[in-house]
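Participant: Please see the structure below; I have some questions.
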Amino acid sequence: GNSVTQMEGPVTLSEEAFLTINCTYTATGYPSLFWYVQYPGEGLQLLLKATKADDKGSNKGFEATYRKETTSFHLEKGSVQVSDSAVYFCALSDLYGNKLVFGAGTILRVKS
Amino acid sequence: DTAVSQTPKYLVTQMGNDKSIKCEQNLGHDTMYWYKQDSKKFLKIMFSYNNKELIINETVPNRFSPKSPDKAHLNLHINSLELGDSAVYFCASSPSPWGREASNEQFFGPGTRLTVL
Numbered sequence: 007g008n009s010v011t012q013m014e015g016p017v018t019l020s021e022e023a024f025l026t027i028n029c030t031y032t033a034t035g036y037p038s039l040f041w042y043v044q045y046p047g048e049g050l051q052l053l054l055k056a057t058k059a060d061d062k063g064s065n066k067g068f069e070a071t072y073r074k075e076t077t078s079f080h081l082e083k084g085s086v087q088v089s090d091s092a093v094y095f096c097a098l099s100d101l102y103g104n105k106l107v108f109g110a111g112t113i114l115r116v117k118s
Numbered sequence: 085d086t087a088v089s090q091t092p093k094y095l096v097t098q099m100g101n102d103k104s105i106k107c108e109q110n111l112g113h114d115t116m117y118w119y120k121q122d123s124k125k126f127l128k129i130m131f132s133y134n135n136k137e138l139i140i141n142e143t144v145p146n147r148f149s150p151k152s153p154d155k156a157h158l159n160l161h162i163n164s165l166e167l168g169d170s171a172v173y174f175c176a177s178s179p180s181p182w183g184r185e186a187s188n189e190q191f192f193g194p195g196t197r198l199t200v201l
């Protein structure tokens, strides 16, 4: 079945550091790929998405590129802020029923 | 205006009780979902409804029964609650259940934290 693997956390960075959170997937066909963010005590918000190979999703300084050849969708940000501290989930969308299959989540902590 | 709302936000109850969680979306979407997030933050889909019709049922115990009175509402009823049901339950909605649409983004509610004692 479809699955998503993302790097374990927590990831602890200083403010203005470069962020990479790795995500790889296994799927039949060509799913859409997403990064969702969950701030403490809140629900999930869509951070960015890509619907086909080589698409780059970007939002709030975060970027991720849909790489079909490596089945990856790594999240990057050039300079993190304390306010970026949250749990980040990589997910793919099953083409039938649109169910989201999530990775385990990566906790990001940014220190000032 | 809240796009996807859930009630209650917190629910504490005893083992063996029956409880319900309600979800409403005002986005005009056709499809709604229930997800469960366990204590390790792992998220897994439970159910999906499209226009009041069940389209996904992911090996969830039959103590869990979703009900969709109309396409703006998807409620979750849980019978005979067990300790392992303690989790955060998220409702979500999307315009379409078919993944190829550009509008397949899902919008999540704030979650309901269920604690079974």
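Chains A and B, in that order, give the protein sequences.
Once you know that position 1 of the first sequence is 7 in the working numbering, the rest is easy, because the numbers rise by one and skip nothing.
Once you know that position 18 of the second sequence is 102 in the working numbering, the rest is easy, because the numbers rise by one and skip nothing.
Ideal placement from N, C-alpha and C gives every residue a C-beta, glycine not left out.
Since we're looking at a predicted model, the values are computed, not measured.
Once you ignore the five residues that flank residue 128/B on each side, which residues in its own chain have a CB closer than 6 Å to its CB?
Facilitator: 120
Participant: When the distance is taken between beta carbons, is residue 84/A closer than 7 Å to residue 12/A?
Facilitator: no
Participant: Can you say whether residue 51/A is buried or exposed, counting buried as having 16 or more other CB atoms within 10 angstroms of its CB?
Facilitator: By the 16-neighbour rule on beta-carbons within 10 angstroms, residue 51/A is exposed.
Participant: Curious, which full-length beta strand (DSSP E) runs of at least 3 residues does the segment 106 to 180 of chain B contain?
Facilitator: 115 to 121, 127 to 134, 137 to 141, 148 to 154, 157 to 162, 171 to 178
Participant: Just checking: is the beta-carbon of residue 131/B within a distance shorter than 7 Å of some beta-carbon in chain A?
Facilitator: no
Participant: Applying a beta-carbon distance threshold of less than 9 Å, which residues of chain A neighbour residue 198/B?
Facilitator: Going along chain A, no residue has its Cβ under 9 Å from residue 198/B, so there is no contact; the nearest lies around 15 Å.
Participant: Going along chain B, which residues have a C-beta under 7 Å from residue 95/A?
Facilitator: 127
Participant: Would you call the CB atoms of residue 21/A and residue 88/A closer than 7 Å?
Facilitator: yes
Participant: Cα separation between residue 118/B and residue 130/B?
Facilitator: Their Cα atoms are separated by approximately 5 Å.
Participant: For residue 56/A and chain B, any beta-carbon pair shorter than 7 Å?
Facilitator: no
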